[in-house]
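Here the sequence shown is numbered in my numbering, starting from 1 and rising by one per residue. Every residue gets a Cβ at the ideal spot worked out from N, C-alpha and C, and that includes glycine. First comes the structure, then the notes that go with it.
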Amino acid sequence: MWFFDALTSGFRSPTDPGRLQLFRIVYGSVLAARFALAFGQGGWKTFAPGSLSLNIAKRRFGPRRGHLLAGVYRPVLILRTAAAGTLAAGLAPRLSLLLVLAGAAMELLYLKSPSAVRFTLLTGACLLVAGDLGHGLRIDHHPSTANTWAQALLVIVTTDLYWNSAFQKLRSRQFRTGLFLAQWMHAYTQLKDQLPYRRQHAIPTIVHRHTGNLTTRDIRLWHLVAVTVIAAEIALPIVLLIPSVTPYAVAAGIGMHTAFTCLKPRQLLTFSGLSVGSYTAFA
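Dropping the structure here:
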């Protein structure tokens with residue numbers, strides 16, 4: 001198994017640099033989509049004069065820094081979106097990556113739940129320490145040690161993400177029993193027609209029609225789903241490293257993240273896109 005060979009050799013064993021180059025393309029594409037979506041649903045007007053977000057920024061950072069954040073917000077939105085596109089295209093990839101990381105880090109200043117931003121920064125840091133990010137859309141497959149450390153680091157970051165997520169779910173009795181998912185689906189079923197923005201969710205009608213009534217049967221069903229998700233998050237990082245079953249693990253991971261993304265497409269785009277994209281590092 002290449003990962004353990006890399007560990008025992010002090011990350012001096014050769015790996016396929018194309019794995020990280022492919023992840024660079026995925027990373028740039030996912031972030032370009034995320035940053036582009038930030039323009040919509042009022043995002044462009046964040047920190048507009050008299051807005052709640054500007055007043056919160058002033059209280060948190062002081063009037064001077066709050067106005068500074070408001071002043072750079074829109075230019076950064078444009079710059080980081082362009083940089084994500086050039087990163088995916090392989091044009092000045094290291095400079096583009098630095099601009100993308102800086103633009104993503106800005107979100108830590110105003111997002112209420114920046115967990116996706118942290119994962120973005122961690123996976124971006126893995127790319128930052130890679131010795132060969134490639135150029136353009138060409139992917140090299142000649143074994144070298146240039147990306148061995150970065151590839152192993154990306155595996156560790158993704159494994160920590162999955163196992164930490166599984167641990168938090170195991171600690172939550174409400175999630176383990178399926179009650180949280182049942183309540184969420186019930187609330188969505190009741191309020192879906194009153195949401196301020198369309199397409200915030202992509203849940204198939206058959207799902208919320210038959211599992212959104214908060215009955216004992218629904219809770220038992222969501223309990224099975226919860227247990228399956230926890231088991232999958234624990235097993236996936238291990239199974240992805242086993243060459244004979246990697247394709248099946250990838251298919252299972254894609255299916256799981258597709259289901260996650262249906263719950264909140266905009267919010268989970270980054271998490272699901274980068275998680276699935278990181279599978280390239282496990283092979």
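Return the bridge partner residues of residue i from the DSSP annotation.
i	result
His144	The question names His, but residue 144 in the sequence shown is Ser. Paired residues: Thr15.
Return the CA-CA distance between residue i and residue j, expressed in angstroms with no decimal places.
i	j	result
Leu99	Gln194	38 angstroms
Ala48	Leu181	36 angstroms
Ser272	Thr120	11 angstroms
Gly277	Leu87	15 angstroms
Asn147	Gly28	18 angstroms
Gln190	Lys169	25 angstroms
His142	Ala82	30 angstroms
Asn55	Leu77	20 angstroms
Asp140	Ile219	49 angstroms
Ala166	Phe260	14 angstroms
His186	Gly131	49 angstroms
Gln183	Pro14	49 angstroms
Val155	Ala89	23 angstroms
Ala235	Ile254	14 angstroms
Leu128	Ala32	18 angstroms
Arg138	Gly85	15 angstroms
Phe282	Ile230	20 angstroms
Ser172	Thr228	15 angstroms
Asp16	Ser96	23 angstroms
Arg80	Thr159	27 angstroms
Glu107	Gln151	26 angstroms
Ile25	His135	10 angstroms
Gly62	Tyr110	14 angstroms
Ala116	Val250	21 angstroms
Ala287	Trp149	Because residue 287 is not part of the residues shown, which for the chain are 1 to 283, the question remains open.
Arg94	Ser53	32 angstroms
Ala252	Thr258	10 angstroms
Lys192	Asn213	14 angstroms
Gln174	Ser9	44 angstroms
Ser244	Ser275	21 angstroms
Arg60	Thr46	16 angstroms
Val157	Arg217	37 angstroms
State the CB to CB distance for the pair residue i and residue j, rounded to an integer number of angstroms; the pair is presumed to be in contact (CB under 8 angstroms).
i	j	result
Thr145	Arg12	6 angstroms
Met256	Ala232	6 angstroms
Val30	Leu240	Rounded, the Cβ-Cβ distance is 19 angstroms, inconsistent with contact.
Leu133	Gln21	6 angstroms
Thr177	His223	6 angstroms
Pro237	Tyr162	5 angstroms
Gly103	Phe35	7 angstroms
Lys58	Gly66	4 angstroms
Arg19	Thr280	5 angstroms
His201	Pro265	7 angstroms
Ile203	Cys262	5 angstroms
Hey, would you say the C-beta of residue i is under 7 angstroms away from at least one heavy atom of the ligand COA?
i	result
Pro237	Ligands are entirely absent from the displayed structure, and the ligand COA is therefore not among its contents.
Could you give the uninterrupted runs of the alpha helix (DSSP H) lying entirely in the segment 133-216, keeping only those of 4 residues or more?
-> As for any alpha helix (DSSP H) of minimum length 4 sitting wholly inside the segment 133-216, the runs are 148-171, 173-176, 179-191, 205-211, ordered along the chain.
### Message
Counting beta carbon pairs with one atom in the segment 68-85 and one in the segment 3-20, are three or more of them shorter than 8 angstroms?
### Response
In this structure the segment 3-20 does not touch the segment 68-85; the number of beta carbon pairs closer than 8 angstroms is below three.
Handout entry: Within the segment 86-142, ranges of the beta strand (DSSP E) (whole runs, at least 3 residues)
Key = Runs found: none.
Next on the checklist: List, from N- to C-terminal side, the alpha helix (DSSP H) runs of 4 residues or more that fit wholly inside the segment 219-283.
Outcome noted: The DSSP assignment places complete alpha helix (DSSP H) segments of no fewer than 4 residues inside the segment 219-283 at 246-263, 265-277, in order along the chain.
query = Touching or not, the segment 118-131 and the segment 38-46, by the rule of three or more beta carbon pairs under 8 angstroms?
reply = No contact exists between the segment 118-131 and the segment 38-46.
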